[in-house]
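Enquirer:
Protein chains: 6
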Amino acid sequence: MSWLPTLITDTPEQGYEIAIKMSRMAVKMTQPDDAARSKMRQDYSNNAESLIMSSHVVATNFQTVAQANDFWRR
Amino acid sequence: MSWLPTLITDTPEQGYEIAIKMSRMAVKMTQPDDAARSKMRQDYSNNAESLIMSSHVVATNFQTVAQANDFWRR
Amino acid sequence: MSWLPTLITDTPEQGYEIAIKMSRMAVKMTQPDDAARSKMRQDYSNNAESLIMSSHVVATNFQTVAQANDFWRR
Amino acid sequence: MSWLPTLITDTPEQGYEIAIKMSRMAVKMTQPDDAARSKMRQDYSNNAESLIMSSHVVATNFQTVAQANDFWRR
Amino acid sequence: MSWLPTLITDTPEQGYEIAIKMSRMAVKMTQPDDAARSKMRQDYSNNAESLIMSSHVVATNFQTVAQANDFWRR
Amino acid sequence: MSWLPTLITDTPEQGYEIAIKMSRMAVKMTQPDDAARSKMRQDYSNNAESLIMSSHVVATNFQTVAQANDFWRR
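Residue numbers (this note's numbering), protein chains in the order written: chain E, 1 to 74; chain C, 75 to 148; chain F, 149 to 222; chain R, 223 to 296; chain X, 297 to 370; chain B, 371 to 444.
#1: How close, in whole Å, do the beta carbons of residue 327/X and residue 193/F come, if the pair is a contact with beta carbons under 8 Å?
#2: Since residue 355/X contacts residue 393/B with CB under 8 Å, what's their CB separation in whole angstroms?
#3: Give the single residue among 28/E, 54/E and 71/E whose Cα lies nearest to the Cα of residue 102/C.
#4: Find out if the Cβ-Cβ distance for the pair residue 205/F, residue 94/C is shorter than 8 Å.
#5: Which residues in chain F sit within 7 Å of residue 132/C, going by Cβ to Cβ distance?
#6: Give the interface partners of residue 307/X over in chain F, defined as CB-CB distance under 8 Å, in chain order.
#7: My understanding is that residue 377/B touches residue 308/X, with C-beta atoms under 8 Å, so please give their C-beta distance in whole angstroms.
#8: Assuming residue 136/C is part of the alpha helix (DSSP H), what are its boundary residues?
#9: Kindly indicate which three-state DSSP category residue 105/C falls into: helix, strand or coil?
#10: By the three-class DSSP mapping on this structure, what secondary structure does residue 240/R have?
#11: Would residue 367/X and residue 438/B qualify as a contact pair, given that the criterion is a beta-carbon distance under 8 Å?
#12: At 9 Å on the CB atoms, spell out the chain C contacts of residue 134/F, in chain order.
#13: Of all the options 148/C, 88/C, 76/C and 116/C, which has the alpha carbon lying nearest to the alpha carbon of residue 99/C?
#14: Could you confirm whether any beta carbon from chain F is found closer than 8 Å to the beta carbon of residue 362/X?
#15: Given a threshold of 16 other Cβ atoms within 10 Å of its Cβ, counted over all protein chains shown, does residue 406/B qualify as buried or as exposed?
#16: If we ignore side chains and look at the alpha-carbon of each, how far apart do residue 339/X and residue 434/B end up?
#17: Answer yes or no: does any C-beta atom of chain R fall closer than 8 Å to that of residue 20/E?
#18: Apart from the five residues just before and just after residue 90/C, which ones in its own chain have a Cβ nearer than 7 Å to its Cβ?
#19: Using a C-beta to C-beta distance shorter than 8 Å, which residues of chain C count as neighbours of residue 220/F?
#20: Tell me, please, whether the CB atom of residue 156/F is closer than 8 Å to any CB atom in chain X?
#21: So residue 418/B contacts chain X; which residues on that side make the cut at Cβ distance below 8 Å?
#22: Just the Cα atoms here: how many angstroms apart are residue 74/E and residue 188/F?
#23: Residue 376/X by DSSP, collapsed to three states: which one?
#24: Quick one: list the residues of chain C neighbouring residue 45/E, beta-carbon separation under 8 Å, in chain order.
#25: Given this structure, state the Cα-to-Cα distance separating residue 270/R from residue 50/E, to the nearest angstrom.
#26: To the nearest angstrom, how far is it from the Cα of residue 255/R to the Cα of residue 34/E?
#27: Hey, how far is the Cα of residue 14/E from the Cα of residue 92/C?
#28: Verify the CB distance criterion: does residue 114/C have a CB-CB separation below 8 Å to chain F?
#29: Any C-beta of chain E sitting closer than 8 Å to the C-beta of residue 127/C?
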């Protein structure tokens with residue numbers, strides 16, 4: 001089963017979850033080693049700039065998901 | 075209740091508030107520990123580059139919210 | 149009165165002013181202390197990378213304002 | 223044969239693969255030496271900020287691919 | 297006379313010039329002192345990362361100008 | 371003759387070439403000295419973060435070119 005079967009969700013909050021998933025998947029594909037990623041998590045989750053940068057990635061992905069869902073207007 | 079029930083707001087200023095909320099939520103989801111975030115706040119709120127980076131995240135999220143609201147044109 | 153009553157302006161230059169205002173407001177909301185911001189201003193206004201980063205935030209916000217105004221085409 | 227014959231894919235996941243390919247191609251065109259890139263890979267794949275930055279590039283490219291595919295809505 | 301009377305140009309190249317002008321204007325508005333900017337120019341024009349960051353700002357502004365001109369399609 | 375006569379290309383790959391050209395042109399306009407740019411090239415082409423940042427600029431420019439070409443859908 002695909003990790004990204006669709007960009008369509010029922011609610012903005014679900015769309016945000018997909019945006020987070022997409023943001024993490026790119027990291028996972030570049031660094032597939034679970035232990036290596038866990039080790040880094042300790043660092044970046046306590047580094048303000050890293051967290052702000054992460055939030056920017058989510059913002060970009062969320063924009064895509066929101067457009068896909070016509071902003072859940074209806 | 076959802077933290078993001080809708081992207082639709084009455085005014086641009088309310089849309090901006092949502093953009094800020096979205097920007098912070100990504101940080102919160104990556105670092106859920108309140109004490110850890112408070113500690114970092116002291117640092118990044120006195121660091122010009124961190125503040126500029128934060129403003130960029132808000133700008134990206136606001137663009138999404140503004141599109142959702144058809145830029146509050148009507 | 150709202151600090152952002154509308155995204156609609158008569159001219160591109162006025163739209164650019166709003167983009168700058170929006171870029172600064174996110175900083176102000178994260179660091180509301182006027183003295184703290186003034187102190188940082190001295191630093192980032194003499195730091196080329198900070199200025200370039202600021203210009204990027206304005207560019208993102210201006211894109212939103214320009215779209216809102218249908219690029220002042222008419 | 224072209225490395226980028228089309229932006230159209232059957233699924234979002236395939237679109238994501240193209241976004242990753244596009245992100246890497248720009249690096250390859252700037253640094254065509256395979257050995258030089260391999261050497262750097264060791265570094266950036268263990269550097270949280272580099273990985274977050276990479277994820278942002280993928281997010282931007284994915285937005286383009288998603289728009290090209292009308293977000294795989296149909 | 298306005299420094300940005302219109303986003304409409306005859307050619308892509310002229311649009312690119314406006315994008316550069318817009319990118320510089322944000323810097324000028326944050327640091328209005330000519331001598332201070334000249335001093336920094338020496339630094340950032342010999343710093344690869346600063347130049348790449350500058351190019352990103354131009355890219356964002358150019359996207360806006362290109363949209364305004366309907367990409368000079370006709 | 372213009373260095374950017376049109377954004378329209380026959381294929382996505384040609385569009386990607388234009389995106390790279392645009393990304394480099396902004397650098398060239400800020401640092402017109404060929405020797406200065408060659409010197410920096412040695413540095414940034416062996417620096418992972420610089421390469422990732424470059425790839426982001428290309429991604430932004432490619433998005434513009436892809437929109438101009440209606441994503442080469444037809």
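Heads up, the beta-carbon is just placed ideally off N, CA and C, and yes, glycines get one too.
Small disclaimer: the values here were computed from a predicted structure and weren't measured.
Expert: In short, the structure shows the following:
#1: To locate residue 327/X, count along the fifth sequence from 1; it is residue 31. To locate residue 193/F, count along the third sequence from 1; it is residue 45. That belief holds up - the Cβ atoms of residue 327/X and residue 193/F are roughly 5 Å apart, short of 8 Å.
#2: Taking the first residue of the fifth sequence as position 1, residue 355/X is located at position 59. Taking the first residue of the sixth sequence as position 1, residue 393/B is located at position 23. The pair is a contact, with the Cβ atoms about 7 Å apart (cut-off 8 Å).
#3: The count along the second sequence starts at 1 and reaches residue 102/C at position 28. The option with the nearest alpha carbon to residue 102/C is 54/E.
#4: Position 57 of the third sequence holds residue 205/F. Position 20 of the second sequence holds residue 94/C. No, the Cβ-Cβ distance between residue 205/F and residue 94/C is not below 8 Å.
#5: To locate residue 132/C, count along the second sequence from 1; it is residue 58. Neighbours of residue 132/C on chain F, chain order: 174.
#6: The count along the fifth sequence starts at 1 and reaches residue 307/X at position 11. Going along chain F, no residue has its Cβ under 8 Å from residue 307/X, so there is no contact; the nearest lies around 17 Å.
#7: Walking along the sixth sequence from the start, residue 377/B turns up at place 7. Walking along the fifth sequence from the start, residue 308/X turns up at place 12. With a Cβ gap of about 6 Å, residue 377/B and residue 308/X count as contacting.
#8: Residue numbering aside, residue 136/C sits at position 62 when the second sequence is read from its first letter. Residues 122-142.
#9: Against the second sequence, residue 105/C aligns to sequence position 31. DSSP places residue 105/C in coil when its eight states are reduced to three.
#10: Residue numbering aside, residue 240/R sits at position 18 when the fourth sequence is read from its first letter. Three-state result, residue 240/R: helix.
#11: The residue given as residue 367/X occupies position 71 in the fifth sequence. The residue given as residue 438/B occupies position 68 in the sixth sequence. It is a contact, given that the beta carbons lie within the stated cut-off.
#12: This structure cannot settle anything about residue 134/F, because the visible part of chain F is limited to 149 through 222.
#13: As a first step, residue 99/C is located in the second sequence; it is residue number 25 there, counting from the start. Nearest of 148/C, 88/C, 76/C and 116/C to residue 99/C, Cα basis: 76/C.
#14: To locate residue 362/X, count along the fifth sequence from 1; it is residue 66. Taking Cβ atoms only, chain F never reaches closer than 8 Å to residue 362/X, which makes this a no.
#15: The sequence position of residue 406/B within the sixth sequence is 36, counting from 1. Per the 10 Å Cβ criterion, exposed.
#16: For the purposes of this step, residue 339/X is taken as residue 43 along the fifth sequence, with counting starting at 1. For the purposes of this step, residue 434/B is taken as residue 64 along the sixth sequence, with counting starting at 1. For residue 339/X and residue 434/B, the distance between alpha carbons rounds to 30 Å.
#17: Working through the first sequence from its first residue, we reach residue 20/E at position 20. No - not a single Cβ of chain R is within 8 Å of the one on residue 20/E.
#18: Against the second sequence, residue 90/C aligns to sequence position 16. Counting only Cβ-Cβ distances below 7 Å, and skipping sequence neighbours, we find 136.
#19: For this step, residue 220/F is matched to residue 72 along the third sequence. Near residue 220/F there are no residues of chain C at all, since even the closest Cβ is about 13 Å away, more than 8 Å.
#20: Against the third sequence, residue 156/F aligns to sequence position 8. With 8 Å as the cut-off, residue 156/F does not count as an interface residue toward chain X.
#21: Here residue 418/B refers to the residue found at position 48 of the sixth sequence. Per Cβ cutoff of 8 Å: no residues; residue 418/B is ~12 Å from chain X at best.
#22: One-based indexing of the first sequence puts residue 74/E at position 74. One-based indexing of the third sequence puts residue 188/F at position 40. When rounded, the distance between both Cα atoms is 44 Å.
#23: There is simply no residue 376/X to check, as chain X begins at 297 and stops at 370 in what is shown.
#24: The residue given as residue 45/E occupies position 45 in the first sequence. Chain C residues near residue 45/E: 104, 105 and 110.
#25: Reading the fourth sequence from its first residue, position 48 is the one you call residue 270/R. Reading the first sequence from its first residue, position 50 is the one you call residue 50/E. The straight-line gap from Cα to Cα measures roughly 8 Å.
#26: In the fourth sequence, residue 255/R corresponds to position 33, counting from 1. In the first sequence, residue 34/E corresponds to position 34, counting from 1. Whole-angstrom Cα-Cα distance: 28 Å.
#27: To locate residue 14/E, count along the first sequence from 1; it is residue 14. To locate residue 92/C, count along the second sequence from 1; it is residue 18. Distance between the alpha carbons of residue 14/E and residue 92/C is about 16 Å.
#28: Taking the second sequence and counting its residues from 1, one reaches residue 114/C at position 40. Cβ-Cβ to chain F under 8 Å: no for residue 114/C.
#29: Along the second sequence, one-based indexing puts residue 127/C at 53. Interface residue, yes.
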